[in-house]
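Trainee:
Residue numbers (full-length UniProt numbering): 1 to 275.
1. Residue 194 to residue 155, Cα distance in whole Å?
2. Does the distance from the CB of residue 210 to the CB of residue 157 come in under 8 Å?
3. Could you check what DSSP says for residue 66 in three-state terms: helix, strand or coil?
4. Skipping 5 residues on each side, what residues in its chain have a beta carbon closer than 6 Å to that of residue 72?
5. At the level of alpha carbons, what is the spacing between residue 144 and residue 220?
6. For residue 23, count neighbouring Cβ atoms within 10 angstroms of its own Cβ and tell me buried if that reaches 16, exposed if not.
7. Grouping DSSP H, G and I as helix and E and B as strand, with all else coil, what is residue 3?
8. Measuring straight from C-alpha to C-alpha, what distance separates residue 89 and residue 34?
9. Reducing DSSP to helix, strand and coil, say where residue 84 ends up.
10. Taking contact to mean 3 or more Cβ pairs, one atom from each stretch, closer than 8 Å, check whether the segment 126-146 and the segment 171-182 are in contact.
11. Are residue 189 and residue 246 close, meaning C-beta to C-beta below 8 Å?
12. Could you tell me the distance, in whole angstroms, from the CA atom of residue 222 to the CA atom of residue 252?
13. On the three-state DSSP scale, how would you describe residue 256?
14. Looking only at its own chain, which residues have a Cβ that is under 7 Å from the Cβ of residue 229, when we skip the five neighbours before and after it?
15. Could you tell me the boundaries of the alpha helix (DSSP H) in which residue 209 lies?
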């Protein structure tokens with residue numbers, strides 16, 4: 001008899017689970033809106049966001065005009081957020097605050113819309129279209145609720161997204177440099193310095209910009225070398241003025257010395273040719 005006990009408990013557990021599942025399936029088929037709504041809220045409060053969301057999605061069109069509709073739409077948006085369906089969550093939170101602009105839940109809905117967009121932002125190596133969209137959502141929230149209880153978290157999200165864009169811009173400029181597209185690299189590093197003046201990557205950007213300009217001059221046809229070496233010398237001056245203790249100082253000085261020597265050599269050649 002003892003050997004049958006494990007089997008008995010497994011069968012009992014399966015029966016209980018089946019019964020629970022059957023109850024939920026009955027709710028899905030039920031036409032009782034009030035019963036469905038009460039069950040959806042109970043599932044939500046217990047943290048079963050899948051079942052709550054499934055029921056609420058069916059209920060929302062049936063609750064139009066009723067006081068429960070507002071809460072149902074907010075909860076439905078949040079079930080998507082809790083299940084990490086951030087694209088859907090952002091859409092439904094936006095739908096909520098546009099539908100109920102004067103609701104006590106509107107501020108939180110607008111915040112969670114921005115947070116959903118933030119969570120939907122990809123790694124910095126990927127296309128950053130969603131990151132720009134998230135920043136727009138965050139700024140819209142801060143403009144509307146400058147004294148919000150969510151302000152600190154929202155500003156923190158904004159800073160993190162800015163760092164992501166910063167890393168993406170630096171990576172793009174570095175890629176030009178690594179591929180030996182030196183003129184494009186110089187342009188990209190210049191844009192990076194202008195767009196992110198407080199970046200911790202600016203020292204490296206300034207050095208790589210100098211290096212790219214020096215290599216561009218070295219590989220140029222003679223007619224363009226003098227002008228491009230002079231530009232490299234100007235980048236060097238800016239670099240040592242800003243970063244006099246840089247670990248790349250010796251390499252920068254080597255490029256500067258070479259550039260000066262090449263400029264002098266080119267000037268001498270031009271003078272000789274003119275005689």
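Glycine included, every Cβ here is placed at the ideal spot set by N, Cα and C.
Predicted, not measured: the structure shown is a model, and the values here were computed from it.
Mentor: Reading it off the structure:
1. 22 Å
2. no
3. coil
4. 56, 59, 60, 63
5. So the alpha carbons of these two residues sit roughly 54 Å apart.
6. exposed
7. Model confidence at residue 3 stands at a pLDDT of 44, short of 50, so the residue's coordinates are unreliable and nothing is read from them.
8. 25 Å
9. Coil.
10. no
11. no
12. Here the C-alpha atom of residue 222 lies approximately 22 Å from the C-alpha atom of residue 252.
13. helix
14. 217, 259, 262, 263
15. 202-218
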